[in-house]
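In this note's numbering, the protein residues as written are 3 to 391. Backbone N, C-alpha and C define an ideal beta-carbon position, used for all residues, glycine too.
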C-alpha cells in the first residue's frame with residue numbers, strides 16, 4: 003500500500019516534468035546519508051530550494067518509512083520531515099497538502115504529527131478539517147493525563163482555529179472542559195477558539211445543547227451559555243436546556259445524573275427569571291403535571307409552577323389553575339399529603355405573581371377547601387395582586 007501511495011503521489015506531483023534544478027537537488031538529496039540530510043538542507047539558502055523540491059524531498063523521506071531504522075536514523079528522518087513540513091507550510095504550498103495530510107494517520111511521532119497539522123493550517127487546506135476533528139475527538143475521549151496527547155490536542159485546537167473550522171465547534175467545546183491539565187493550555191485555548199470558529203457562539207452553543215448526543219457536551223454548552231450577560235439569552239438557554247433534559251432518552255446512570263442536574267439548573271433559573279420565554283411553557287407544564295409522580299422530585303413541580311407564574315401567559319395560568327383546582331378538591335376530601343399542601347402554596351403564590359384574571363377562580367376556592375388559615379391568607383394576598391377589572 004505504501005508503494006502504491008508513493009507512486010500515486012509521484013504522479014500527482016508531476017515527477018516526470020520537474021525542472022532541471024529540482025531534479026539535480028533531488029539527486030543530491032537521495033545520495034546524502036539519512037543522518038546528514040537535515041544539516042544539508044539547513045545549510046542551503048532557502049531561495050535555492052524550490053517548492054517542488056521540498057515536496058519531493060518530503061515524499062522521498064516518507065517513502066523510506068520515517069519510523070523504521072535505527073534510533074539515530076528515525077530521529078534524523080523525523081527531524082527532516084518536520085523541517086520540510088514547516089517550510090511547505092510557511093510557503094502555503096497547497097500542492098503539498100495531500101502528502102502532509104496523510105502523515106498524522108501514518109505515523110505516531112508527536113512532533114511530526116504536530117508539524118503536519120501546523121503546516122496544513124498555514125496552507126489553509128479545508129479538506130484536512132475532518133481528520134483533525136477525528137483526532138481531537140479521539141484525544142478528548144481519553145481520561146488519563148498524557149503529555150504527548152496534550153501537546154497534540156493543543157496543536158489541533160490551534161490548527162482548527164486557524165482554519166476557522168466551524169464544524170469543529172462541538173469538539174472544541176469538549177476540549178474546553180476535558181481531561182487536559184491547566185499547564186497544557188488546551189482547555190484555555192479551546193475555550194478561546196469557540197468564538198473564533200463560528201459567527202454566532204451563542205447560537206452554536208444552543209445547537210449543541212439541543213442536538214448533541216453526548217449529555218456532558220450539552221451540560222458544558224449550558225454552563226457557557228449561562229455566562230452571557232444578557233438575561234433574555236440566559237432564559238432562552240434555560241428553556242432549551244429544559245427541553246433537552248426532558249427529551250433525551252438514556253438508561254446510562256451517569257447520563258441520567260447529568261440530565262437531572264441540567265433539568266434542575268434550568269428550572270431554578272426560570273423560577274426566578276425576570277422573563278420566562280413562551281418557548282418554555284410546554285415543557286414547564288409537563289414538569290408541573292408530574293407533581294403526583296412519586297419518581298419525580300417534588301421540587302421540580304414547585305420550580306415549574308414558579309416559572310409558569312412568571313411567564314403569565316393564558317396557557318401557563320390555565321395549567322396552574324387546573325392543578326390548584328385539583329389540589330383544592332383533594333384537600334376537601336382530606337387526600338393531600340403535607341408535601342401536596344406545600345405544592346398548593348407554590349401554586350397560590352405563582353398565580354398571584356402572574357397577575358392574571360384567569361387565576362381568580364382557583365384562588366377563590368381556597369377559603370372553602372379546608373386549608374389552614376395561613377394558606378387562606380396567602381390566597382387572599384394572591385387575589386389582591388390580580389387586577390379586578
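How would you call residue i, buried or exposed, if buried means at least 16 neighbouring beta carbons within 10 angstroms?
i: residue 42; result: exposed
i: residue 4; result: Summary for residue 4: the model assigns pLDDT 49, below 50, so the residue's position carries little reliability, and this model does not support an answer.
i: residue 386; result: exposed
i: residue 9; result: Low confidence applies to residue 9: its pLDDT is 42, below 50, so where it sits in the model is not reliable enough to give any reading.
i: residue 253; result: exposed
i: residue 79; result: buried
i: residue 147; result: exposed
i: residue 295; result: exposed
i: residue 13; result: Any reading at residue 13 needs caution, since the residue's pLDDT is 44, under 50, leaving its predicted position unreliable; the model's value is listed next. Counting Cβ neighbours within 10 Å, residue 13 comes out exposed, since fewer than 16 surround it.
i: residue 54; result: buried
i: residue 6; result: For residue 6, the predicted model reports a pLDDT of 40, less than 50, meaning its position is unreliable; a value from the coordinates is still stated below. Exposed, because fewer than 16 other Cβ atoms sit within 10 Å of the Cβ of residue 6.
i: residue 151; result: buried
i: residue 338; result: buried
i: residue 184; result: exposed
i: residue 128; result: exposed
Is the beta carbon of residue i less than 9 Å from the beta carbon of residue j?
i: residue 269; j: residue 235; result: no
i: residue 226; j: residue 220; result: no
i: residue 58; j: residue 92; result: no
i: residue 367; j: residue 326; result: yes
i: residue 347; j: residue 380; result: yes
i: residue 154; j: residue 116; result: yes
i: residue 307; j: residue 290; result: yes
i: residue 2; j: residue 72; result: Since the first and last residues shown for the chain are 3 and 391, residue 2 lies out of range.
i: residue 303; j: residue 292; result: yes
i: residue 138; j: residue 158; result: yes
i: residue 354; j: residue 388; result: yes
i: residue 168; j: residue 132; result: no
i: residue 98; j: residue 56; result: yes
i: residue 69; j: residue 110; result: yes
i: residue 75; j: residue 112; result: no
Just reading off the alpha helix (DSSP H) that residue i is part of, what are its end residues?
i: residue 104; result: 99 to 108
i: residue 380; result: 375 to 386
i: residue 208; result: 203 to 213
i: residue 146; result: No alpha helix (DSSP H) holds residue 146; DSSP gives it neither H nor E.
i: residue 325; result: 316 to 334
i: residue 244; result: 233 to 248
i: residue 342; result: 340 to 356
i: residue 389; result: No alpha helix (DSSP H) holds residue 389; DSSP gives it neither H nor E.
i: residue 311; result: 300 to 313
i: residue 173; result: 171 to 177
i: residue 28; result: 22 to 33
Between residue i and residue j, which are expected to be in contact by the criterion C-beta below 8 Å, what is the C-beta distance as a whole number of angstroms?
i: residue 410; j: residue 161; result: Residue 410 lies beyond the stretch modelled for the chain, which goes from 3 to 391, so this question has no answer here.
i: residue 60; j: residue 86; result: 4 Å
i: residue 63; j: residue 83; result: 5 Å
i: residue 345; j: residue 300; result: 7 Å
i: residue 273; j: residue 305; result: 4 Å
9 Å is my cut-off, CB to CB: does residue i come that close to chain C?
i: residue 284; result: The question asks about chain C, but that chain is absent: this structure has only one protein chain.
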